[in-house]
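So the sequence lines, in the order shown, correspond to chains A and B. At position 232 of the first sequence the residue is numbered 1178 (our numbering), and the sequence of numbers has no breaks. At position 54 of the second sequence the residue is numbered 56 (our numbering), and the sequence of numbers has no breaks. Everything on this sheet refers to the single structure shown next.
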Amino acid sequence: MKLHEYQSKQLFGRFGVPVPEGIVADTPEAARAAAEKIGLPVVIKSQVLVGGRGKAGGVKVARTLEEVESKARDILNLTIKGLPVRKVLIDPAAAIKNEIYLGIVIDRTSRRATMMASAAGGVDIEEVAATTPEKIVRVPINPFIGLPEYLARDIAAHIGLPRQFWPEFITVARGLASAFAATDASLAEINPLAIVGQPNGGPDRLIALDGKIVVDDNAIFRHPDLAEIRDPDEESSAEKKAREAGLNFISLDGNIGCMVNGAGLAMATMDIIHYYGGSPANFLDVAGGARADKVAAALRIILADPKVKVVLFNIFGGITRGDEVARGIIGALKEVNVSIPMVARIVGTNQEEGNRILAEAHIATAGSFAEAVQKAVEMAK
Amino acid sequence: MAILADRNTRLIVQGITGREGDFHARQMQAYSSIIVGGVTPGKGGLKTDYGVPVFDTVGQAVRETGANASVIYVPARFAPDAILEAADAGIHLIICITEGVAVQDMIRVRAYLDTLDVILIGPNCPGLITPGQAKIGIIPASICKPGNVGLVSRSGTLTYEVINALTQSGMGQSTCVGIGGDPVHGLDFLDAIKLFNEDPQTEKIVMIGEIGGSDEEIAAAYVKDHVKKPMAGFIAGRAAPEGKRMGHAGAIIEGGMGTAQGKVTAMQAAGIKMADLPTQIPDLLR
């Protein structure tokens, strides 16, 4: 589950990370009132759960209250990568002198949460990662100790941060590590962590100008406060329906609707559709033994996609008997009216009986994985 | 011989009276009768209708039965505790079938287990089977047959697909082990391949990977220098679109590792014959 920028920064703030004193608004008038309170100039930032907001026109600076209102209106009317902008964050505009990247992610290889930092922060961090990975420092965090001061200091020294910022940086890095642990995050990042000049001529400060947290869905059960603020726009309606039905679903561009049990087999099914020159409309893992209610839910989701020309079932029954799987499919077809061709390949004890049941219902059957896919590719042409 | 488990393994089932645990304990016992006990807190003293004594704690079960392996079917939020309980009770081989375990829990569990002499398989895995001797987990026994092919895989049903293809081609298996696909888990490809490499019964090795992570690449580097046994492999996810990326950091940490093509290339370079279809694996081993 992704948290919005404003939610992430509020959380970081609670762990001692300096963040701008921003205000969230959902109307142009509220944005104006917020700017009045904060003081001009301000930056108006769309709150949507996708990257590339700036490039989509979703982040703008405003110098007058009239400008705040009109720009907030423009941004609130935007749809960015399919997601409507429902809220904007009004932050005081900062005099940025330098941008640092600071993030924590789960590193599969070291099996640790790993802090990453680079002196070259900002929007081009992916470019830095691809071309000059040596400019990114990586430090694994011991799960029983957390991030000790000396490691935070090591990171500061490594990225060449001027010494006067080290005490602040240590607070930020340790705060980020604490927030990551406390929210059961799988990702937490500050980009940029900026060196910001002060309007009154005071010493420059480190401030987290942007923030992002992704919470591990498997740990949501112990964070009811976070579950409550889940933004329903995070998922498409099909993805939401799939999640609620206990299905693992990703929509794709092709025309062969797939229903497979097991994520690995579902991926392999997509691979083999490509291998035979076809194109899958989705990835769908109907976990478990393909019970009628789950198959019905999955069929509804697949058929809601007008591109789908054929439905391919690839079910490895395992312990579930083949005839039970077939009856599950037939049961689902009583609930959902399917007017396009279907191909089914089921493996499991009693699979002959299963195939007979399917053939009676005018579903094409196949003896092998490859044969089923070839039939589906042919039918989709 | 085989790896990890055989007919002498003494297995307990954590969560034996739950729906999943009950169903699969019956399957396992019917196949190989290696279950010496079960654990469900609060139900100690019961005996299942198929004759297995139930204990309140893993410690009691180990003392009473001399168990040396445990398979876990408890719900996800209790699984980290169940793994720790088994490890602290002196169980040497722990197989966690449960899926949906929180990743930060697994980081702590794995870090602790690394200080002990314990092998964890999973979580979120189908377990393992040594055909004709021991079934621990949920791999359907009906598709397996004893033989000399060792198989290690990250997925569930795709593993069954390959086992089925092997058996249909007359190639039996020494041991099949599903290691699970969670970001932080126990046994990895490298560990399993080392075990197969040293196992005299295993003459050929199959490795079924998936996109993401770098376990396959790391194992391939070892295979290149140390494994003389013929190997075949398959990587699922070649046609997968670039995943929904987790912000910048996901892309940064992987740094070019983890793509299907990268894994296929690394495995080919190690002399592993790579299949386009999982069902081609038996032919590649001939």
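Yeah, the Cβ is synthetic: ideal placement off N, Cα and C, and Gly gets one too.
Below-8 Å beta-carbon distance, residue i vs any chain A residue
i: V76 (chain B); result: no
i: Q31 (chain B); result: no
i: M248 (chain B); result: Unreliable placement is indicated for M248 (chain B), whose pLDDT of 36 sits below 50; the coordinate value is still reported in the next sentence. At least one chain A Cβ lies under 8 Å of M248 (chain B).
i: T159 (chain B); result: yes
i: I255 (chain B); result: Residue placement at I255 (chain B) is poorly supported in this model, since its pLDDT is 45, which falls under 50; the coordinates still yield a value, given next. So yes, I255 (chain B) belongs to the interface.
i: I165 (chain B); result: no
i: P142 (chain B); result: yes
i: S216 (chain B); result: yes
i: T132 (chain B); result: no
i: L279 (chain B); result: yes
i: E22 (chain B); result: no
i: Y162 (chain B); result: yes
i: G102 (chain B); result: yes
i: G264 (chain B); result: no
Secondary structure of residue i, DSSP reduced to three states
i: V186 (chain B); result: coil
i: G249 (chain B); result: Since pLDDT at G249 (chain B) reaches only 40, below the 50 mark, its modelled position is unreliable, and the value read off the structure follows with that caveat. Residue state, collapsed to three classes: helix.
i: K1 (chain B); result: With chain B represented from 3 up to 288, any question about residue 1 (chain B) goes unanswered, as that position is not in the structure.
i: G257 (chain B); result: Model confidence at G257 (chain B) stands at a pLDDT of 48, short of 50, so the residue's coordinates are unreliable and nothing is read from them.
i: I1071 (chain A); result: helix
i: S72 (chain B); result: strand
i: S1197 (chain A); result: strand
i: V1014 (chain A); result: helix
i: I1042 (chain A); result: strand
i: A1128 (chain A); result: helix
i: M1061 (chain A); result: strand
i: L1035 (chain A); result: strand
i: L130 (chain B); result: strand
i: N166 (chain B); result: helix
i: T1055 (chain A); result: coil
i: T177 (chain B); result: strand
i: S954 (chain A); result: helix
i: E218 (chain B); result: helix
Among the options, the one whose alpha carbon lies nearest that of residue i
i: Y114 (chain B); options: B:I131, B:I97, B:A238 and B:D90; result: B:D90
i: G134 (chain B); options: B:P148, B:V229, B:G40 and B:V15; result: B:P148
i: T59 (chain B); options: B:G53, B:I93 and B:S35; result: B:I93
i: K1186 (chain A); options: A:G1223, A:V1034, A:A1243 and A:R1151; result: A:A1243
i: A1209 (chain A); options: A:A1102, A:I1261, A:R1237 and A:A1184; result: A:I1261
i: S1225 (chain A); options: A:L1211, A:A1233, A:K1253 and A:E1174; result: A:K1253
i: A242 (chain B); options: A:D1199, A:E1190 and A:R1189; result: A:D1199
i: V38 (chain B); options: B:K231, B:S171 and B:R12; result: B:R12
i: A1075 (chain A); options: A:N1228, A:Y1047 and A:A1123; result: A:Y1047
i: E1180 (chain A); options: A:R1032, A:A980 and A:Q956; result: A:R1032
i: T161 (chain B); options: B:G273, B:P142 and B:L122; result: B:P142
i: G46 (chain B); options: B:G188, B:G23 and B:T19; result: B:T19
Chain B contact for residue i (CB, 8 Å cutoff)
i: S1285 (chain A); result: no
i: M1213 (chain A); result: yes
i: P1089 (chain A); result: yes
i: Y1221 (chain A); result: yes
i: V1293 (chain A); result: yes
i: M1061 (chain A); result: no
i: D1217 (chain A); result: yes
i: S1132 (chain A); result: yes
Proximity below 8 Å, CB of residue i to CB of residue j
i: A1093 (chain A); j: M1061 (chain A); result: Looking at the sequence itself, residue 1093 (chain A) is Leu, so the reference to Ala does not match. Closer than 8 Å, so yes.
i: V186 (chain B); j: V154 (chain B); result: no
i: I97 (chain B); j: V120 (chain B); result: no
i: T132 (chain B); j: A1316 (chain A); result: no
i: I5 (chain B); j: V164 (chain B); result: no
i: N150 (chain B); j: Q203 (chain B); result: yes
i: V963 (chain A); j: G1121 (chain A); result: yes
i: I1292 (chain A); j: G1263 (chain A); result: yes
i: M108 (chain B); j: P77 (chain B); result: no
i: K226 (chain B); j: N199 (chain B); result: no
i: V1142 (chain A); j: K983 (chain A); result: no
i: D201 (chain B); j: S176 (chain B); result: yes
i: F1115 (chain A); j: L1152 (chain A); result: yes
i: R1057 (chain A); j: I1087 (chain A); result: no
i: I1036 (chain A); j: A1098 (chain A); result: no
i: A234 (chain B); j: M1213 (chain A); result: no
i: I74 (chain B); j: A84 (chain B); result: yes
*So, do the region 1155 to 1165 of chain A and the region 1123 to 1143 of chain A have three or more beta carbon pairs nearer to each other than 8 Å?*
These segments touch.
*Counting pairs of beta carbons, one from the region 204 to 214 of chain B and one from the region 150 to 166 of chain B, are three or more of them closer than 8 Å?*
At 8 Å Cβ cutoff, the stretches touch.
*Any contact of the region 1008 to 1020 of chain A with the region 1075 to 1084 of chain A, i.e. 3+ C-beta pairs under 8 Å?*
No, because fewer than three Cβ pairs between the region 1008 to 1020 of chain A and the region 1075 to 1084 of chain A fall closer than 8 Å, the two stretches do not touch.
*Three or more beta-carbon pairs under 8 Å between the region 1011 to 1019 of chain A and the region 976 to 994 of chain A, yes or no?*
Output reads yes: the region 976 to 994 of chain A touches the region 1011 to 1019 of chain A.
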